[in-house]
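Below you'll find the structure, written out as structure tokens, and then a few comments.
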């Protein structure tokens, strides 16, 4: 099996970022895009994706607050436990295998420490962002479609 298939989805070895921002029961904003840098690991690919999504979350939070709608908390669901460790602890938890990760991605750690974003583990089977990054079929496709668009009667 080609190693790039473990964490990269494009022929040029680049990964894909997907995210869904929801308010209450439906999607308010979605994102799906090819990552610009090449990743050396699935953890690095996840950090790049989370960096993109945190930026989207913070912009939306500011916009909503400027409109008079305070946002109490922002929860980002993540299914990669190694990435969660780096996102929450930053450089303190970076081992020798993760040294290649660019410092720019510790922006996430700063946002977690400031309380702007909370990272929570989400099992892969429930990761709604997979709808944006993977070809899903059958029940899993219908489940995520309904979560994003609402139930299809």
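In the working numbering, the protein residues as written are 149 to 301. Just so you know, even glycine gets a beta-carbon here, dropped at the ideal spot from N, CA and C. It should be emphasised that the depicted structure is a prediction, and the values quoted were computed from it without experimental measurement.
- Straight across, the Cα-Cα distance linking residue 201 with residue 168 is about 9 Å.
- Taking residue 161 as reference, the option from 182, 175 and 271 with the minimal CA-CA separation is 182.
- Here DSSP, grouped into helix, strand and coil, assigns residue 284 to coil.
- Taken through DSSP and simplified to helix, strand or coil, residue 266 comes out as strand.
- Note that the C-beta distance between residue 227 and residue 275 is below 8 Å.
- Contact check between the region 263-270 and the region 218-227: three or more CB pairs, one atom from each, fall below 8 Å, which counts as touching.
- Here residue 186 has 161 and 162 as same chain residues with Cβ atoms under 7 Å from its own Cβ, once five neighbours each way along the sequence are excluded.
- Following the DSSP letters along the chain, one finds residue 272 in no beta strand (DSSP E), marked with neither H nor E.
- Annotated three-state conformation of residue 170 is strand, per DSSP.
- Within a 10 Å sphere around the beta-carbon of residue 193 sit 16 or more other beta-carbons, which makes this residue buried.
- Distance from the Cα of residue 191 is smallest, within the candidate group 164, 208 and 179, for 164.
- Of the candidates 286, 290 and 238, the residue whose Cα lies closest to the Cα of residue 259 is 238.
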